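These notes are about the structure you will find just below.
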Amino acid sequence: MGVRENLSHVIEQMTKAAKKAGRDPGSVKLVAVTKNVSVDIMREALAAGINAFGENRVQELVAKHPQLPVDVEWHLIGHLQTNKVKYIIGKVHLIHSLDSWRLAREISRRAQERGLTVEVLVQVNISGEETKYGLPPGEVRSFVAGVAELPGIRVRGLMTIAPLVSDPEQARPIFRELYQMASWLKQELPELPLDFLSMGMSNDFTVAVEEGANIIRVGSAIFGPRPNPRRDNHGEKIGG
Ligand SMILES: *Cc1c(COP(=O)(O)O)cnc(C)c1O
């Protein structure tokens, strides 16, 4: 099947999941994950109604960025190395993977240099898998409060990657926990605009939407299986 058909299937599933949970389907943003996807295919996705692309490598994002219309939203969803921040400031709409102080300070510094404010999500390692990036849940509150003091960077919510499981139901407790953490954080830090919850991928986005995701990151369900899935490890530490 082509991109257009896949996309309408994903939107249908997403809509069904939102309705099932009593949520407005229009409140869920679909980020099309385009790692290893060609610019030509991305243009097809644009024509089919997508306006936000997620990349997990800086190099790939920077290479594709000038080839697509300026009103496209770019989301950096993979682990971001401090020394690469300078390449994406001013190009990304949202960084989903803030996971350290060092990175927060570098984003702040580079954004200030450019007179910009960069919006970020804090990646939380809910599952506790050692191979995954992200802050342990217990550190999130003080981290978010600390980053809020930095100029040029604005925390807009949380992101997590669920373990890859055969039955997406097994990911439900992870999503529920991130939702609860975000709700608690909003009460603790009511002055911060913590509006976004980025969770759910091809395998589990319906469950994530049922559990309150308002950004889902979907790649292979739209573009088909990637040629070399071992090399894209969903942001895990090994092999990336
Ligand atoms: C690759 C990737 C996705 C999308 O994965 P699919 O299973 O292809 O939908 C989502 N989030 C992150 C962080 C990724 O690296």
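Heads up, my numbering is the position in the sequence shown plus 11, with the first residue counted as 1.
Don't be surprised by glycine CBs; every beta carbon is placed ideally from N, CA and C.
Remember, predicted model here, so these are calculated numbers, not experimental data.
The beta carbon of K75 sits closer than 6 Å to those of V50, all from its chain and outside the five residues before and after it, given in chain order. K40 is not a Cβ neighbour of A59, given a cutoff of 8 Å.
For I22, the secondary structure class from DSSP, reduced to helix, strand or coil, is helix.
In the DSSP secondary-structure assignment, E130 is bridged to R165. If you compare the alpha carbons of A156, E222, F207 with that of L105, the shortest gap goes to F207.
Taken in chain order, the unbroken stretches of alpha helix (DSSP H) that lie wholly in the segment 167 to 234 and span 4 residues or more are 183 to 199, 216 to 221, 231 to 234. For I100, the distance from the CB to the nearest heavy atom of ligand 1 is not below 7 Å.
Distance check between P162 and each of A32, S119, E141, K143 places S119 closest, using alpha-carbon atoms only. A63 has its CB no nearer than 7 Å to any heavy atom of ligand 1. In chain order, L105, R165, R167 place their CB closer than 6 Å to the CB of E130, counting only its own chain and leaving out the 5 sequence neighbours on each side. For S108, the enclosing beta strand (DSSP E) begins and ends at 105 to 109. With a 10 Å radius around the Cβ and a threshold of 16 neighbouring Cβ atoms, Q70 comes out exposed. If you ignore the 5 residues before and after A32, its C-beta comes within less than 6 Å of the C-beta of E221, all in its own chain and listed in chain order. Using a cutoff of 7 Å, the CB of R228 counts as near ligand 1, since one of the ligand's heavy atoms is closer than that.
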